[in-house]
Each structure stands twice: as structure tokens, then as C-alpha cells.
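Novice: Once you've had a glance at the structure underneath, I'll fire off some questions.
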Amino acid sequence: MAPGRRRLFRPHEYLVRPQDLIPSHANLSHLRGIINTFGAYQNFYQINIFRSHSPSAISWIGSVQGFLLLTISAFTGPVFDAGYNRTLLSLGSFLIVLGLMMTSLVKQYYQAFLAQGVCFGIGAGMIFVPSIAVVSTYFHSHRALAVGVTASGSSLGEHSTPSRLSNQLPDNYTGGVIYPTLFHSLQPRIGSGWATRTIGLMAFITLGFTNIVMRQRVLPATRRKLFDVSALREAPFILCTAGLFFGFLGLYIPFFYITPYARFKTGANATLAFYLVPILNAGSIFGRLVPNAMADHFGALNMLIPCTLVCVVLAFTWTAVHEVGGIVAFAILYGFFSGSFVSLPPSAILSLSNDLNKVGTHLGMSFSIAGIGILIGSPVGGALLNLDTGHFIRAQVFCAVVITISCACLVLARVTKFGCAIMIKV
């Protein structure tokens, strides 16, 4: 343990107990899983409660969730460093469950925006940092892999269904996508209110377990600042942050619109088109494990750059996919390589930081900017396509171009920090 850091308790020196990893994995499965279930809610809102609102207006509820997940992290990071892990977990868990329960009662748009978008989003942001930070203190030689295992929890619950096509898909499907499957299966039988309460009850039980088990191992000797002005003078940090912003701006467009694309352009039946997103998420699970395991040997940034480059190639290739086999292959590959963009950035920012005592501050600052990309990316993509005519090319090109810019920024960040030497672990 580094000098000046206080140990809260001494775990086994050689064996990490499962409860040190499972709670964080479970937390992220709730955060990203429920957030990416919003596609199912958007379809329900569009055809039932909020018929007078446009799909774009309704989609902002889900975008705000993802935005707050990352942005709130900038403010909760210093609180976590001060030793208030238990406070963040308990308050964040309360807001998540409260947001879900209030969502089950919504009748008007502003109620859904406040409950599902703001309340849940703030709660998710409060437990995001502890879920990642606690795990990193238990692992040294395989830290990137541990973070990848934790991040893979979000893929187990992820799924999103474009609102205009969801009503064409079977309501009684089953599969490995927990929350959307649960909502779609229960909503026709017991109504959206009780379906949402069931999800809230699952969150209450699981988050209650993590509040009991998860413990903070060490505290920093000094409290870190919320904002570090000196980081704005570090070109590698600025370039990496820009890379994350542009990456998240386009990264999730295929996740939201691959299903209608498959229906319009490849002739895939409704069931197969629906399960393309679970296929993307299944690939993302391995994409958050394998590259992270390799990052422990080759460096996080060295793995993030080629994975992002492959995403660029795949995004441009997506425009030429017009067969069922091609779209399935695209889903598997894009899911795998895009997964690294979720799990590797924290370790990449760590490798670029000049002062390890300020890594938490830099992470919060970077993720706040990246969150803006998540906030506006999907609405922009939705505005560029037309689900009525099946015109997707503008959204596809936008996706490919912004990820290309992201890759270029990450390359420049590495070059400005370490030069053109290839065999350096960063």
C-alpha cells in the first residue's frame, strides 16, 4: 500500500473474495441494464400515455439517465474519496428504487422525466463511482481485467428497442436480456405499473445486498479537488477526453437502430431483428473482458485505440450490409469491439495522468464531458434517419465519422504523451 494511505480493513493477501467483486458487478447490471431498458418504455409511452409527444421528446428521458450517470460521478468522486462510500451507496440505492416506484405511477410527461430521467439518473451516478473504485483497490496485477468483469455486468441487463418497431415484435419472447424481457413479458399481463414495480423490487433486493457487503478498502491521505485547472493544460488529457466525447456521441447508434435497419434493409424477420441487440450485448460482455485482460499486459490505451479503429471500420461497413448473415456478423463484431470503449477508458486516463493523486478528479472531469456525448448522440442519430422510409445512411455515416474523430483524438493523446514508440505499455 502506498505511503500515506489508510487501510480500512485487511483482506486476505492472496485471494480476493467473491463478495469484493460481485456487488460492483450487480450494481452496474442495474445501472446500465435498466437505463438501456428505456427503449421498451419509450414504445409504451408513445402508444399509450404520451401519444401527443414526439418520439424525440420522449427519448430525452432515457438520454438524461445516461448523461447523469457519468456527470454526477464528477461530484460523487470526492465524496467517495472522503470515506462516504456507505452514504453514496445507500442514498443512490434509495433514489434508484424511488425513481422506479414513482415511474410506475406516472401519468404525465414531466412526471416521467423527473422520476425516470432525473431521480433514477442521479441515483445511478451516485453508486457508479463506488462500484468501479472499490474494485480497483482490491486488484493490482489484474486491475484492468477486474474492472472489465465489473463493467460486463451492465451488458447482462442491457437492451434497447426503437420505439416505432417495438410494437411489431412479439410480446412473449424470452432470452438473456433481463430487464426488457421482464418488462415486455409482464406488461401485457399485469400492466406497466406492476411490471415496473417488479423491476424496482429486484433492484431493492440486489442493491440492499450490495449495501451490506461492499466495503471501502483504503482512503486517500488527502481529499482531492472537484476540478483540476492544471488538467486543462495537459494536451493528452484534453485529447483523450475529446476522444471519449466523440466516441460516445456515435457509439450507441447501432444499438438503438440495428433492429429497424435489419427489418428494412436485410429482410430479417421480426424475431431475429429484435434479438440483434441482445447479440450486440452478448458480444459486448466478451469485449469488456478480453481486451481488459490483454490491457494488463500491453496497456489500456494500446488496446483502446485498435478496438476503436475496428469500430470505425465496422461502422463504415454497416452502410453496405444488406443480408441477414452480414447483419448478424456485424452485431457480433461491433458488440465485441465497442465493449472495450466502455471498460478501458478509466485505465487509459490513469496511464495519461501526471499525478496519480488527481486521477479521480481527472476521471470525473473527463466523464462529465463524455456524458454530453451520450446525452445528445442518440437524439441526433434519430433526427438523421427516417424510420418511416427506411433511410439510415445519414445516421450511419454520422456514427462512423464521429468514431473516426474519436480514434484520431486517442492516437494523438498517446503520441503527445509518449511519442511514436510502439512498444511502450500505456
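Throughout the sequence shown, residue numbering follows the working numbering, covering 22 to 447 in sequence. Beta carbons: idealized from backbone N, C-alpha and C, even for Gly. What you are looking at is a predicted structure, and each value in this text was computed from that prediction instead of being measured.
(1) Look at the Cβ atom of Pro257, then the Cβ atom of Ala434, and state whether they are nearer than 7 Å.
(2) What residue range is occupied by the uninterrupted alpha helix (DSSP H) comprising Phe358?
(3) Counting C-beta neighbours from all protein chains within 10 Å, is the total for Leu253 16 or more, i.e. buried, or is it exposed?
(4) Drop a sphere of 10 angstroms on the beta-carbon of Phe101, count the other beta-carbons inside from all chains shown, and report buried for 16 or more, exposed for fewer.
(5) Would you give the residue range spanned by the alpha helix (DSSP H) that Phe71 belongs to?
(6) Tell me whether Thr195 sits in a helix, a strand or coil according to DSSP, three-state version.
(7) Alpha carbon to alpha carbon, how far is Glu255 from Ile370? Give it in angstroms, no decimals.
(8) If you drop the 5 nearest sequence neighbours on each side, which residues of the same chain put their C-beta closer than 8 Å to that of Val432?
(9) Got a sec: is the Cβ-Cβ distance from Ser114 to anything in chain C below 7 Å?
(10) Give the C-beta separation of Arg218 and Ser125 to the nearest angstrom, bearing in mind that I take them to be a contact with Cβ-Cβ under 8 Å.
(11) If we count Cβ pairs, one from each stretch, closer than 8 Å, do we get three or more for the stretch 394-411 versus the stretch 340-349?
(12) Looking only at C-alpha atoms, which of Phe413, Ser389, Phe71, Thr329 sits nearest to Ala429?
(13) Rounded C-beta distance between Gly271 and Cys420? I'm assuming under 8 Å.
(14) Run through the DSSP bridge pairs and tell me what His412 is partnered with.
(15) Quick check on DSSP: helix, strand or coil for Ser175?
(16) Check whether the stretch 102-112 touches the stretch 77-88, counting contact only when three or more Cβ pairs, one atom from each stretch, lie closer than 8 Å.
(17) Report the CB separation of Ser372 from Leu310 in whole angstroms; it is logged as a contact under 8 Å.
(18) Terminal residues of the continuous alpha helix (DSSP H) containing Arg284?
(19) Under 8 Å: do the stretch 224-235 and the stretch 360-370 share three or more Cβ pairs, one atom per stretch?
(20) Could you tell me which of Phe277, Ile390, Thr262, Val436 sits nearest to Leu406, measuring between CA atoms?
(21) Could you give the DSSP three-state label for Thr340: helix, strand or coil?
(22) Out of Ala145, Ala133, Ile300, Val423, point me to the one whose CA is closest to Gly360's CA.
(23) What is the C-beta distance between Thr340 and Lys246, in whole angstroms, given that I count them as a contact (C-beta under 8 Å)?
(24) Just to confirm my understanding: we take Phe20, look at its own chain, exclude 5 residues before and 5 after, and list those with CB closer than 7 Å. What are they?
(25) DSSP state of Val333, grouped into three classes?
(26) Assign Leu442 to one of three DSSP states: helix, strand, or coil.
(27) At the level of alpha carbons, what is the spacing between Gly197 and Asn375?
(28) Is the beta carbon of Tyr355 closer than 7 Å to that of Leu384?
(29) I believe Thr437 touches Leu260 by the beta-carbon criterion, under 8 Å. Please report the beta-carbon distance rounded to the nearest angstrom.
Specialist: Reading it off the structure:
(1) Yes. Within cutoff.
(2) Per DSSP, Phe358 belongs to the alpha helix (DSSP H) from 345-364.
(3) exposed
(4) The residue in question, Phe101, is buried, as its Cβ has 16 or more Cβ neighbours within 10 Å.
(5) It is not in any alpha helix (DSSP H) - Phe71 carries neither H nor E in the DSSP assignment.
(6) Residue placement at Thr195 cannot be trusted, given a pLDDT of 28 that sits under 50; what the coordinates show is reported in the next sentence. In the three-state reduction of the DSSP assignment, Thr195 falls in the coil class.
(7) 12 Å
(8) Correct list, in chain order: Ile326.
(9) The chain inventory of the structure shown lacks chain C, comprising one protein chain alone.
(10) Contact check for Arg218 and Ser125: beta-carbon distance about 5 Å, within the 8 Å limit, so the pair qualifies.
(11) no
(12) Ranked by Cα distance from Ala429, the options Phe413, Ser389, Phe71, Thr329 are led by Thr329.
(13) 4 Å
(14) Asn407
(15) Residue confidence is low: Ser175 scores 45 on pLDDT, short of 50, so the model does not pin down where it sits. No coordinate-derived value is stated.
(16) Between the stretch 102-112 and the stretch 77-88 there are fewer than three C-beta pairs closer than 8 Å, too few to call the two in contact.
(17) Between Leu310 and Ser372 the Cβ distance is about 19 Å, and since that is not below 8 Å, they are no contact.
(18) Segment: none, Arg284 is in no alpha helix (DSSP H) and carries neither H nor E.
(19) The stretch 224-235 vs the stretch 360-370: no contact.
(20) Phe277
(21) coil
(22) Ile300
(23) Between Thr340 and Lys246 a beta carbon distance of about 45 Å is seen, past the 8 Å cut, so the two are scored as non-contacting.
(24) Residue 20 lies beyond the residue range present for the chain, which begins at 22 and ends at 447; the question has no answer from this structure.
(25) helix
(26) Note that residue 442 corresponds to Ala in the displayed sequence, not to Leu. Coil, per DSSP.
(27) Note that Gly197 scores 35 on pLDDT, short of 50, meaning its location in the model is unreliable; the coordinates nonetheless yield the value given after this. Between Gly197 and Asn375, the C-alpha separation is close to 42 Å.
(28) no
(29) 7 Å
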